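A.B. asks: Sending over a structure as structure tokens; questions will come in a sec.
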Amino acid sequence: MQISLKDWVRSGSPWIWLSASAVAISVVLVLGLLGIVASRGLVHFWPATLQEYTYTQDQDLQIQVLGEQVQREEVTAEQIRNSGIAVPEGVDLLGRQLIKVGNRDVYGSDFRWALENQLSNLDYPAYATSFERREQGNFYGFILAIKDKDQLVAEQEKGSNQLWPAVVERIEQTRLIQDQIEDLEKGAIGAINYQLEQLRLDERRLELKGEDTPENLAELQAKRASFQTDYALLETELRALYQSLATSSLIVVTADGQSKEINFSKIVRAYQPNNMSLGQKISHYFAKLWEFVSDDPREANTEGGIFPAIFGTVMMVLIMSVLVTPFGVVTAVYLREYARQGFITRVIRIAVNNLASVPSIVYGVFGLGFFVYFIGGNLDKIFYPEAAPAPTFGTPGLLWASLTLALLTLPVVIVATEEGLSRIPRSVREGSLALGATKLETLWRIIIPMASPAMMTGVILAVARAAGEVAPLMLVGVVKLAPNLPMDMNAPFLHLERKFMHLGFHIYDVGFQSPNVEAARPLVYATALMLVVVIAVLNLTAITLRNRLREKYRALDM
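Following our numbering, the numbering of the sequence shown begins with 6 at its first residue and continues without gaps.
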């Protein structure tokens, strides 16, 4: 039997195919976008080959340059002529390369564009070394000598590699010492500084209450003296570690013959990419990837890791979820189960739906004015007068950022929970009441468990939106570089008043505020990919919990 086109359209099949096609196209576009982000971000951690070449700027100036090729493109000859460079007639297109030459303290810039017809004598020296430094970016050159206490202890020729094992060993020893320094500064010394600050606040609190008697002050002075004694011992140990770092340095030379002395304490790692096997490159890649995920940022966020941003993002989302879920559920339960369905209820629902369309920056301004200045300022006056004029909660921080995003995502949770409650048959409520249960017992034991998957759907949508927000956070707590994590070993352990870092703001800062755009570009892609991964992990966790709740209370649907 042949079906006419009109009957086929009436059957709804075309709309099914259109919907399926739209979903397929959306999936392909999303996967393509993730592929582009991943390819441009993850390749940054692979040890790039170092190439040495002669760069001819004009007929009288030739420079030896060592670096790694970052990008290649073709440009028109007219564009090159407009920049003041002579191009022979008859040439329409020219290839040019973006070379990362490093050595910012020598050349003044990390990157250099060079026309391919200006490059000659291309070579890949086996012992060319890349030094990742804590400051001034990478240094590309060749090892010449090692110095201890301003005395040469070992030398080699430019083309030799006999000092390489000693250099690797000293870098590892330096790293161990720096780990000890970091443990002291962020651990024991940081804890003592925190306790000393608490003693200062306690003394000020006694003074404001008029209880600064000699007996009370003597107790505080005794504690302060004990902390200061411990601090002096730790400071002596710390000074000795810093002195041990300053004694050893490395003499290196650039491709054009300029020598440079680099202290080993300034070197994060050194590697010779042209002399590495595939296994060594893979090991280096995963070491760099782990550093990116677990370390602190450096060099204006263009080097190092993004762990504080990951930690801040996850912590903010978790606190936001804890705050928004009960408020959203209680509001939805009241609107659906208790409120009289009339004009006022309809107006409230319209208002809730409209709140979802309010620009996020408006929530940020509200959070700054209401949460930070009004509530936080009054909390400081009531509970923290001893800290004045320095604010405690009267300044942007983690708590206010979480509350602001909870307010922003509240409509999503309310609507999703209401939809879940509306799908529960009336017969379930009536059956529970007929068996003698009260309305509260019916709600708590039957209705809410059955609607819990819908509640989790609202939380999933809230997490997806909150984790990617940036504009309101710029006003209520996020910073470019936070000195401390919001959580540490000092009571009360979770410091909600502290500022924090966020992956979304980190992308904005590195991509648009960085003084070194070319160095920052791959980190923008890598951080964006990490933000997607964090949101995916949080959502998958919530989805897993939702599926378990659905299976647990499936019997109630029957």
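We treat Cβ as the ideally placed atom computed from N, Cα and C, and that holds for glycine. Treat the numbers as computed from the prediction; the structure is a model and nothing was measured.
Report the start-end ranges of each alpha helix (DSSP H) in the stretch 217 to 268 that is 4 residues or longer and not cut off at the edges.
C.D. replies: If we require 4 residues or more, the alpha helix (DSSP H) runs fully inside the stretch 217 to 268 come out as 219 to 250.
A.B. asks: Using alpha carbons as the reference points, say which of Gly89, Ser135, Leu120 and Val42 lies closest to Leu71.
C.D. replies: The candidate whose alpha carbon is nearest that of Leu71 is Ser135.
A.B. asks: According to DSSP, is Trp405 helix, strand or coil?
C.D. replies: Trp405 falls in the helix class under three-state DSSP.
A.B. asks: So the candidates are Pro52, Glu266 and Tyr339; which of them puts its Cα closest to the Cα of Leu445?
C.D. replies: If we check each option's Cα against that of Leu445, Tyr339 comes out closest.
A.B. asks: With the cut-off set at 8 Å, would you say Lys504 and Ala476 are in Cβ contact?
C.D. replies: Cβ atoms of Lys504 and Ala476: not closer than 8 Å.
A.B. asks: Should Glu304 go down as buried or exposed, given a rule of 16 or more other Cβ atoms within 10 Å for buried?
C.D. replies: Glu304 is buried by the Cβ-count criterion.
A.B. asks: On the CB-based measure, 16 or more other CB atoms within 10 Å of its CB, does Thr54 come out buried or exposed?
C.D. replies: Result: exposed.
A.B. asks: Excluding the five sequence neighbours on either side, which residues of its own chain have a C-beta within less than 6 Å of the C-beta of Leu201, listed in chain order?
C.D. replies: Result list for Leu201: Phe232, in chain order.
A.B. asks: Please list, in chain order, all residues of the same chain as Leu360 whose beta carbon is under 8 Å from its beta carbon, the five residues on each side excluded.
C.D. replies: The residues are Leu415 and Pro416.
A.B. asks: Can you tell me which of the three DSSP states Tyr132 falls into?
C.D. replies: Three-state result, Tyr132: coil.
A.B. asks: Whole alpha helix (DSSP H) runs in the stretch 284 to 331 with 4 or more residues, listed along the chain?
C.D. replies: Here no run is fully enclosed.
A.B. asks: On the criterion of 16 or more Cβ atoms from any shown chain inside 10 Å, does Met564 qualify as buried, or is it exposed?
C.D. replies: Because the chain in this structure spans residues 6 to 563, residue 564 falls outside the shown range and cannot be described.
A.B. asks: Within its chain, find whatever has a CB closer than 6 Å to the CB of Ala344; leave out the 5 residues flanking it on each side and keep chain order.
C.D. replies: Contacts found: Thr350.
A.B. asks: CA-CA distance, Val42 and Gln74?
C.D. replies: Answer to the nearest angstrom: the Cα atoms are 20 Å apart.
A.B. asks: Quick one, which of Gly436, Pro278 and Arg341 has its alpha-carbon nearest Ser427's?
C.D. replies: The option with the nearest alpha carbon to Ser427 is Arg341.
A.B. asks: Flag this pair as touching only if the stretch 318 to 336 and the stretch 399 to 409 have three or more C-beta atom pairs under 8 Å; answer yes or no.
C.D. replies: The stretch 318 to 336 vs the stretch 399 to 409: in contact.
A.B. asks: Does the count of Cβ pairs from the stretch 128 to 142 and the stretch 76 to 88 closer than 8 Å reach three?
C.D. replies: No, they do not touch.
A.B. asks: Should Leu99 and Val92 be called a contact, given that it needs their Cβ atoms to be closer than 8 Å?
C.D. replies: Contact: yes.
A.B. asks: Give me whichever residues DSSP pairs with Ile68 in a beta bridge.
C.D. replies: Bridge partners of Ile68: Tyr60.
A.B. asks: Go ahead and label Pro302 buried or exposed: buried means 16 or more other beta carbons lie within 10 angstroms of its beta carbon, across all protein chains shown.
C.D. replies: Its Cβ being crowded by 16 or more others within 10 Å, Pro302 is buried.
A.B. asks: Measuring CA to CA, which of Glu435, Pro458, Leu501 and Val538 is closest to Thr549?
C.D. replies: Answer by Cα proximity: Pro458.
A.B. asks: Tell me whether the beta-carbon of Gly516 lies closer than 8 Å to the beta-carbon of Val529.
C.D. replies: Cβ atoms of Gly516 and Val529: closer than 8 Å.
A.B. asks: Can you tell me whether DSSP reads Gln102 as helix, strand or coil?
C.D. replies: The answer is strand: DSSP assigns Gln102 an E or B state.
A.B. asks: Out of Thr462, Arg553, Ile429 and Leu438, which has the shortest C-alpha to C-alpha gap to Ile452?
C.D. replies: The shortest Cα separation from Ile452 among Thr462, Arg553, Ile429 and Leu438 belongs to Ile429.
A.B. asks: Where does Ala119 fall in DSSP's three states?
C.D. replies: Reduced to three states, the DSSP call for Ala119 is strand.
A.B. asks: With DSSP as the reference, please indicate the residues paired to Tyr389 in a beta bridge.
C.D. replies: Tyr389 is not bridged to any residue.
A.B. asks: Along the chain, where does the alpha helix (DSSP H) that runs through Arg503 open and close?
C.D. replies: It is not in any alpha helix (DSSP H) - Arg503 carries neither H nor E in the DSSP assignment.
A.B. asks: Nearest to Val334 by CA position, among Leu499, Val418 and Leu543, is which residue?
C.D. replies: For the residues Leu499, Val418 and Leu543, the minimum Cα distance to Val334 belongs to Val418.
A.B. asks: Do you know whose CA, among Leu250, Val468, Ala456 and Val420, lies nearest Leu323's CA?
C.D. replies: The shortest Cα separation from Leu323 among Leu250, Val468, Ala456 and Val420 belongs to Val468.
A.B. asks: Any idea which residues DSSP pairs Val538 with across the strands?
C.D. replies: Val538 is not bridged to any residue.
A.B. asks: Classify Glu174: buried if its beta carbon has 16 or more other beta carbons within 10 angstroms, exposed otherwise.
C.D. replies: So Glu174 ends up on the exposed side.
A.B. asks: Counting pairs of beta carbons, one from the stretch 395 to 404 and one from the stretch 359 to 378, are three or more of them closer than 8 Å?
C.D. replies: These segments touch.
A.B. asks: Ordered along the chain, which non-local residues of its own chain (more than five positions away) have a Cβ less than 8 Å from that of Ile272?
C.D. replies: For Ile272, where only same-chain residues beyond five positions count, the Cβ hits under 8 Å are Phe136, Glu137, Arg138, Arg139, Ile176, Thr179 and Leu255.
A.B. asks: Return helix, strand or coil for Gly425, following the three-state DSSP convention.
C.D. replies: Note: Gly425 maps to helix in three-state DSSP.
A.B. asks: Measuring CB to CB, does Pro52 end up less than 8 Å from Lys286?
C.D. replies: In contact: Pro52 and Lys286 (Cβ atoms closer than 8 Å).
A.B. asks: Less than 7 Å between C-beta atoms, sequence neighbours within five positions excluded: which residues of the same chain meet that for Ala119?
C.D. replies: Correct list, in chain order: Tyr60, Arg101, Gln102 and Ile104.
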